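Okay, so here's the structure we're looking at.
Number of protein chains: 2
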Amino acid sequence: MRLRLDLSYDGTDFSGWASQPTLRTVQGTLESALETALRVPRVRVVVAGRTDAGVHARGQVAHLDVEPEVLVASAGRSPDPPLAALVRRLNGILPPDVRLRRATEAPDGFDARFSAVWRRYAYRVADSPEVVDPLARRHVLAWPRPLDVDAMNAASADLLGLRDFASFCRAREGATTVRTLKELSWARDDSGVAVGRVVADAFCHNMVRALVGCLLSVGEGRRTVQWPAEVMAGRRRDQGVTVVHAHGLTLEEVGYPAGAELAAQAERARARREAVDD
Amino acid sequence: MRLRLDLSYDGTDFSGWASQPTLRTVQGTLESALETALRVPRVRVVVAGRTDAGVHARGQVAHLDVEPEVLVASAGRSPDPPLAALVRRLNGILPPDVRLRRATEAPDGFDARFSAVWRRYAYRVADSPEVVDPLARRHVLAWPRPLDVDAMNAASADLLGLRDFASFCRAREGATTVRTLKELSWARDDSGVAVGRVVADAFCHNMVRALVGCLLSVGEGRRTVQWPAEVMAGRRRDQGVTVVHAHGLTLEEVGYPAGAELAAQAERARARREAVDD
Numbered sequence: 356m357r358l359r360l361d362l363s364y365d366g367t368d369f370s371g372w373a374s375q376p377t378l379r380t381v382q383g384t385l386e387s388a389l390e391t392a393l394r395v396p397r398v399r400v401v402v403a404g405r406t407d408a409g410v411h412a413r414g415q416v417a418h419l420d421v422e423p424e425v426l427v428a429s430a431g432r433s434p435d436p437p438l439a440a441l442v443r444r445l446n447g448i449l450p451p452d453v454r455l456r457r458a459t460e461a462p463d464g465f466d467a468r469f470s471a472v473w474r475r476y477a478y479r480v481a482d483s484p485e486v487v488d489p490l491a492r493r494h495v496l497a498w499p500r501p502l503d504v505d506a507m508n509a510a511s512a513d514l515l516g517l518r519d520f521a522s523f524c525r526a527r528e529g530a531t532t533v534r535t536l537k538e539l540s541w542a543r544d545d546s547g548v549a550v551g552r553v554v555a556d557a558f559c560h561n562m563v564r565a566l567v568g569c570l571l572s573v574g575e576g577r578r579t580v581q582w583p584a585e586v587m588a589g590r591r592r593d594q595g596v597t598v599v600h601a602h603g604l605t606l607e608e609v610g611y612p613a614g615a616e617l618a619a620q621a622e623r624a625r626a627r628r629e630a631v632d633d
Numbered sequence: 356m357r358l359r360l361d362l363s364y365d366g367t368d369f370s371g372w373a374s375q376p377t378l379r380t381v382q383g384t385l386e387s388a389l390e391t392a393l394r395v396p397r398v399r400v401v402v403a404g405r406t407d408a409g410v411h412a413r414g415q416v417a418h419l420d421v422e423p424e425v426l427v428a429s430a431g432r433s434p435d436p437p438l439a440a441l442v443r444r445l446n447g448i449l450p451p452d453v454r455l456r457r458a459t460e461a462p463d464g465f466d467a468r469f470s471a472v473w474r475r476y477a478y479r480v481a482d483s484p485e486v487v488d489p490l491a492r493r494h495v496l497a498w499p500r501p502l503d504v505d506a507m508n509a510a511s512a513d514l515l516g517l518r519d520f521a522s523f524c525r526a527r528e529g530a531t532t533v534r535t536l537k538e539l540s541w542a543r544d545d546s547g548v549a550v551g552r553v554v555a556d557a558f559c560h561n562m563v564r565a566l567v568g569c570l571l572s573v574g575e576g577r578r579t580v581q582w583p584a585e586v587m588a589g590r591r592r593d594q595g596v597t598v599v600h601a602h603g604l605t606l607e608e609v610g611y612p613a614g615a616e617l618a619a620q621a622e623r624a625r626a627r628r629e630a631v632d633d
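Protein chains in written order, with our numbering: chain B, 356 to 633; chain P, 356 to 633.
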């Protein structure tokens, strides 16, 4: 059977999602905890969004395949159903900066990475001393100058749609930089933090942070509202674009189609971008 | 002139507000940063709520007295007005877990401690794996069992008003334990975290955490809705009451009366509780 795992983590002390020898990664930490919880020698999880070092997640999704007998056996004498027992057991093993929110049986055709039809990220910026909250400092960027959110929204609107994001991506041999940016908008939350909402079918490496870096230049008035669209039209990495700090970025949610579309979407995505970042 | 300072801090790595030799405290850290920023040998601040070790603040208020010439001189060649320059300068000196949100000239008669007419605290509890957010783990208590917020509200309503809170306070020689509890209510925020809102004229030591401990027992069904009122009627420290962890507690706001009432309130409060915790 295939399990869907819904995860959150504080990315501060991780070298990103993807396992790397000798480094503390979310994948490595999770897989090792699953091996202990399920009492199996080797677990491999597949994830929707391979976040970079320092990037956080509230709505990360992963899957793993497990024998039903292994799952039942792992619950031991717990009075809870096996999946609830797994959540409890795994959270007891995981360090406090990664939490398993839910474990559910995945529907037929579900693939955490390839069935996903969109990823939603949030980038958070506190742009005045009144708004900087030390309790949120690990996931909100403190910015020393005030931002004009309206200007950032106007510039963002020009970047939407199916486009070549080469200007905002680290180039990779043989990988496309064409993506569909479904939403890019800014609003202040109740505490006054400027929150960028970014939704795309998928993202190339560094894409959100480069887009946000570009828009912060507009927000503080160093660049015109038209500039990000000009950068995009250049279709190659622009020296004027700064990739902003990772710690303001959080993967908030991953979207999947309804049942029957899961497998079809996975097939399409797998064919299209086997060697591409999400 | 008297300055009003509005402060936030992450209490995790502080041994509380009040200065203590050899320990890292918010007061010690702030006063030392002010001495550097103002270039004076000794600064003393007075605070509205002397929070315990591990307790956070978003709306802490303090005051200090400073010679106008000292303030102007400290701004140096900054193009900002002196108070804005102080905010910028002080935040550059302070560690990231304490932030100065605002510095303003205090109105006549203002005393951060004695003019205050109420203090509002929030206690935050995540009572299911779905709700536990690793990004908020420093200021939200993770509780292993689900809470019945309605039962907690019913129990809370019985504790309101002018009462003797001796059952919830660490006794102190010669100090009254009579307080006016103006509000005590529970609601879930957008993410599902149970937030207790606690407002009183002032609090004795450990009072909020003992009240919350009592109410969590009700929320998880270990105690009846009537039990907290029975404990209060006992008017002495009850062995059944657990003082919950400090890290779920945040001082959110301090209330002051309008102008002319500031000095009168300060005089009344000073007379009433010279030797009492806030």
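Ideal Cβ positions, reconstructed from N, Cα and C, are used throughout, including at glycine. Since we're looking at a predicted model, the values are computed, not measured.
Delimiting residues of the beta strand (DSSP E) encompassing residue i
{"i": "B/VAL480", "result": "473 to 481"}
{"i": "P/VAL416", "result": "411 to 420"}
Three-state secondary structure (DSSP) of residue i
{"i": "P/ARG394", "result": "coil"}
{"i": "B/GLY610", "result": "strand"}
{"i": "B/TRP372", "result": "coil"}
{"i": "B/LEU362", "result": "strand"}
{"i": "B/LEU378", "result": "coil"}
{"i": "P/GLU575", "result": "coil"}
{"i": "P/GLU528", "result": "coil"}
{"i": "B/GLY547", "result": "coil"}
{"i": "P/GLU616", "result": "helix"}
{"i": "P/ARG399", "result": "coil"}
{"i": "B/ALA497", "result": "strand"}
{"i": "P/PRO583", "result": "helix"}
{"i": "B/ALA467", "result": "coil"}
{"i": "B/SER387", "result": "helix"}
{"i": "P/GLU622", "result": "helix"}
{"i": "P/ARG627", "result": "helix"}
Residues that residue i contacts on chain P, provided the C-beta gap is smaller than 7 Å
{"i": "B/LEU496", "result": "Under the 7 Å cutoff, chain P gives no residues; its nearest Cβ is about 12 Å from B/LEU496."}
{"i": "B/LEU419", "result": "Those do not exist, as B/LEU419 stays about 17 Å from chain P at its closest Cβ, beyond 7 Å."}
Neighbour list for residue i in chain P, Cβ cutoff strictly below 8 Å
{"i": "B/ASP452", "result": "PRO489 and ARG492"}
{"i": "B/ARG590", "result": "Ordered by position in chain P, no residue passes the 8 Å Cβ test against B/ARG590, which lies about 36 Å from the chain."}
{"i": "B/ARG413", "result": "ASP488 and LEU490"}
Span of the alpha helix (DSSP H) around residue i
{"i": "P/ASP593", "result": "Counting along the chain, P/ASP593 falls outside any alpha helix (DSSP H), and DSSP gives it neither H nor E."}
{"i": "P/LEU426", "result": "423 to 429"}
{"i": "P/LEU438", "result": "437 to 448"}
{"i": "P/ALA509", "result": "504 to 512"}
Residues that residue i contacts on chain B, provided the C-beta gap is smaller than 8 Å
{"i": "P/ASP365", "result": "PRO489, LEU490 and ARG492"}
Interface residues of chain B facing residue i [CB-CB closer than 9 Å]
{"i": "P/GLU608", "result": "Per Cβ cutoff of 9 Å: no residues; P/GLU608 is ~13 Å from chain B at best."}
{"i": "P/GLU457", "result": "In the sequence as displayed, the identity of residue 457 of chain P is Arg instead of Glu. Those within 9 Å of P/ARG457 in chain B are PRO484 and GLU485."}
{"i": "P/VAL304", "result": "With chain P represented from 356 up to 633, any question about residue 304 of chain P goes unanswered, as that position is not in the structure."}
Short Cβ contact (8 Å threshold) for residue i with residue j
{"i": "P/LEU496", "j": "P/VAL480", "result": "yes"}
{"i": "P/SER546", "j": "P/ARG591", "result": "no"}
{"i": "P/GLY371", "j": "P/ALA408", "result": "yes"}
{"i": "P/LEU570", "j": "P/SER511", "result": "yes"}
{"i": "B/GLY516", "j": "B/THR535", "result": "yes"}
{"i": "B/GLY431", "j": "B/ALA618", "result": "no"}
{"i": "B/ARG578", "j": "B/LEU604", "result": "no"}
{"i": "B/ARG405", "j": "B/ALA373", "result": "yes"}
{"i": "B/VAL472", "j": "B/ASP365", "result": "no"}
{"i": "B/VAL425", "j": "B/LEU393", "result": "yes"}
{"i": "P/ALA650", "j": "P/SER470", "result": "With chain P covering only 356 through 633, there is no way to say anything about residue 650 of chain P."}
{"i": "P/LEU566", "j": "P/LEU514", "result": "yes"}
{"i": "P/ARG413", "j": "B/ASP420", "result": "no"}
{"i": "P/VAL573", "j": "P/ALA506", "result": "yes"}
{"i": "P/ARG474", "j": "P/PHE558", "result": "yes"}
{"i": "B/VAL596", "j": "B/GLY568", "result": "yes"}
{"i": "B/VAL402", "j": "B/ALA477", "result": "no"}
Proximal residues of chain B, C-beta to C-beta of residue i below 7 Å
{"i": "P/LEU515", "result": "Near P/LEU515 there are no residues of chain B at all, since even the closest Cβ is about 27 Å away, more than 7 Å."}
{"i": "P/ASN446", "result": "PRO484"}
{"i": "P/VAL442", "result": "PRO484"}
Residue(s) in a DSSP beta bridge with residue i
{"i": "P/VAL554", "result": "P/ARG475 and P/GLU538"}
{"i": "B/VAL533", "result": "B/ASP519"}
{"i": "B/THR459", "result": "B/ARG359"}
{"i": "P/THR605", "result": "P/HIS411 and P/ALA477"}
{"i": "P/VAL453", "result": "P/TYR364"}
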